[in-house]
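Q: Residue numbers (UniProt numbering): 1 to 377.
(1) Assign residue 14 to one of two classes, buried (16 or more other C-beta atoms within 10 Å of its C-beta) or exposed (fewer than that).
(2) Any idea which residues DSSP pairs residue 40 with across the strands?
(3) Count the other C-beta atoms from every protein chain shown that fall within 10 angstroms of the C-beta of residue 388, then say buried if there are 16 or more, exposed otherwise.
(4) Below 7 Å CB to CB, which residues in the same chain sit around residue 306 once its five sequence neighbours on both sides are set aside?
(5) Shortest alpha-carbon distance to residue 327 belongs to which of 150, 359, 222 and 193?
(6) According to DSSP, is residue 118 part of a helix, a strand, or is it coil?
(7) Compute the Euclidean distance between the alpha carbons of residue 136 and residue 145, then round it to the nearest angstrom.
(8) Can you tell me whether DSSP reads residue 51 as helix, strand or coil?
(9) Roughly how many angstroms lie between the CA atoms of residue 94 and residue 162, to the nearest whole one?
(10) So, helix, strand or coil for residue 344, using DSSP?
(11) Among all the DSSP beta bridges, which residues are the ones paired with residue 335?
(12) If you pair each beta-carbon of the region 177–189 with each one of the region 257–274, do three or more pairs fall below 8 Å?
(13) Starting from the Cα of residue 348, find the closest Cα among 59, 32 and 45 and give me that residue.
(14) With 16 as the cutoff for other CB atoms within 10 Å, does residue 173 come out buried or exposed?
(15) Could you tell me the alpha carbon to alpha carbon distance between residue 250 and residue 243, rounded to whole angstroms?
(16) Would you tell me roughly how many angstroms separate the C-alpha atoms of residue 83 and residue 138, rounded to the nearest one?
(17) In this structure, does DSSP put residue 74 in helix, strand or coil?
(18) Check this for me: beta carbons of residue 72 and residue 31, under 7 Å apart or not?
(19) Between the C-alpha atoms of residue 222 and residue 78, what's the straight-line distance to the nearest angstrom?
(20) Using the three-state DSSP reduction, which class does residue 45 fall into: helix, strand or coil?
(21) Would the beta-carbon of residue 365 fall within 7 Å of that of residue 39?
(22) Please name the residue in 309, 330, 312 and 257 whose C-alpha comes closest to that of residue 266.
(23) Taking a contact to mean a Cβ-Cβ separation below 7 Å, would you say residue 86 touches residue 375 in this structure?
(24) Would you decide whether residue 190 is buried or exposed? Buried here means 16 or more other CB atoms lie within 10 Å of its CB.
(25) If you draw a straight line from the alpha carbon of residue 372 to that of residue 55, how long is it in whole angstroms?
(26) Sort out for me which residues DSSP pairs residue 185 with in a bridge.
(27) I believe residue 211 touches residue 170 by the beta-carbon criterion, under 8 Å. Please report the beta-carbon distance rounded to the nearest angstrom.
(28) Quick one, which of 288, 199 and 185 has its alpha-carbon nearest residue 205's?
(29) Pull up the distance between the alpha-carbon of residue 112 and that of residue 140, whole angstroms please.
(30) Give me the Cα-Cα distance between residue 45 and residue 369, rounded to the nearest whole angstrom.
(31) For residue 290, which residues in the same chain have their Cβ closer than 7 Å to its Cβ, ignoring the five residues on either side in sequence?
(32) Taking Cβ positions, are residue 127 and residue 154 nearer each other than 7 Å?
(33) For residue 321, which of 134, 263, 357 and 29 has the nearest alpha-carbon?
(34) Give the secondary structure of residue 254 by DSSP, where H, G and I count as helix, E and B as strand, and everything else as coil.
(35) How should residue 337 be labelled, buried or exposed, when 16 other C-beta atoms within 10 angstroms of its C-beta is the threshold for buried?
(36) Could you say which of 241, 88 and 285 lies nearest to residue 269 if we only look at CA atoms?
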């Protein structure tokens, strides 16, 4: 009887191993950029620097291999080059979470066919059961242990592919890149290279790459995680949000929701920031046209008019309480906010760039899916 049980368990393990490793050698389609708009917002004249905001339209297949991801991101940069937008002092801005879905790298292609993110991640857990179980058992501080375990399990490969992609593209284009954001455990920078500590807290982190392919300075850690992040993402310190002394201007970056909080602006303004970059991800199709539900996961700052909740639209709230409205209270004269768009399971996405220049919110052309916008200064 014992031998039969052992034989059955061995058979089950063998079947699981076959299933677990099947479908992980993807035959991926050619990447598509979905670009409908390329706009130079203001004439360059004698201006020698610019911010290029990139609104990519990402699909799940873009994330299954390192090379596929680099090819997709590279298409937007090469298009900007072809349009003559990249200069000696160019910084390219990508949106929040652009690197987060590298959690799919090396996984079953069938995950892209699942209807919901929940179903896809469940299948991922089952096909990586022992690795997941180890991380789950070693996760103790986060409320959502499953999400934390998944990101820790994939963190080494995610960080490697993220760094490789933006490092190589920064060198190829000889430009600076504000590389959106990615969820990683305790990310640190040493000699311009990205490192992670799987046992450390998870952060929604952003990085700025220089033309030499190295990361400049320290990670930018989101200080105000939203409701969906709070169960597994830790908060950075507002006072520690860095300002980068780049050749063209002192530059700060606030990750998405941080751009809604006056304390974040006071922090970077006090450090002499001249340019503000904001990478964002607004989930839900058509969200910008719906009524604003108030701050997500955080109490409203005292400056908030609570009567605006369920009264103005999400888009109007972004303009009033985020980058355009907040920058007008600082010395910062230049800012850009871009949004991630794409078809990512049931998550949905919305948003168009917000561009602030010399005290004004500048209107830009609307992109149905993906677009590129250049602001000269």
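Virtual Cβ for every residue (Gly too), placed ideally from N, Cα, C.
A: So, from the data block:
(1) Reliability fails at residue 14, whose pLDDT of 46 lies under 50, so the model's placement of it is uncertain and the value that follows must be treated cautiously. Classified as exposed, residue 14 has fewer than 16 neighbouring CB atoms from the shown chains inside 10 Å of its CB.
(2) In the DSSP output, where bridge partners are listed per residue, residue 40 has 374.
(3) Because the chain is modelled from 1 through 377, residue 388 falls outside the range shown and cannot be assessed.
(4) Around residue 306, the same chain offers 300 as residues with beta carbons nearer than 7 Å, after the five sequence neighbours per side are excluded.
(5) Closest option to residue 327, Cα to Cα, is 359.
(6) DSSP places residue 118 in helix when its eight states are reduced to three.
(7) Taking the straight line from one Cα to the other gives about 6 Å.
(8) In the structure shown, residue 51 adopts extended strand secondary structure according to DSSP, grouped into three states.
(9) Distance from the CA atom of residue 94 to the CA atom of residue 162, rounded to whole angstroms, is 12 Å.
(10) The three-state reading of DSSP puts residue 344 in coil, since its state is none of H, G, I, E or B.
(11) Bridge partners of residue 335: 276 and 356.
(12) Judged by Cβ distances under 8 Å, the region 177–189 makes no contact with the region 257–274, as fewer than three pairs qualify.
(13) When only C-alpha atoms are compared, the closest one is 59.
(14) Only buried fits residue 173, as 16 or more other CB atoms lie within 10 angstroms of its CB.
(15) Straight through space, the alpha carbons of residue 243 and residue 250 are spaced by roughly 6 Å.
(16) Roughly 49 Å between the two C-alpha positions.
(17) Assigned with DSSP and collapsed to three states, residue 74 falls in helix.
(18) Closer than 7 Å, so yes.
(19) If you take the alpha carbons of residue 222 and residue 78, they lie about 29 Å apart.
(20) Here DSSP, grouped into helix, strand and coil, assigns residue 45 to coil.
(21) Yes; because the gap between Cβ atoms is below 7 Å, this pair is in contact.
(22) The option with the nearest alpha carbon to residue 266 is 330.
(23) No.
(24) Residue 190 is exposed by the Cβ-count criterion.
(25) A straight-line Cα-Cα distance of about 6 Å links residue 372 and residue 55.
(26) DSSP output for residue 185 lists 202 as bridge partner(s).
(27) Right, the Cβ-Cβ distance comes to about 6 Å (below 8 Å), so this counts as a contact.
(28) Nearest of 288, 199 and 185 to residue 205, Cα basis: 185.
(29) Cα to Cα, the separation comes out at about 30 Å.
(30) Taking the straight line from one Cα to the other gives about 29 Å.
(31) Beyond the five residues adjoining it in sequence on each side, residue 290 comes within less than 7 Å, by CB distance, of 313 and 314 in the same chain, given in chain order.
(32) No, Cβ-Cβ distance for residue 127 and residue 154 is not below 7 Å.
(33) Comparing C-alpha distances from residue 321 to each of 134, 263, 357 and 29 shows the shortest one belongs to 263.
(34) Reduced to three states, the DSSP call for residue 254 is coil.
(35) When all chains shown are included, residue 337 counts as buried.
(36) The option with the nearest alpha carbon to residue 269 is 241.
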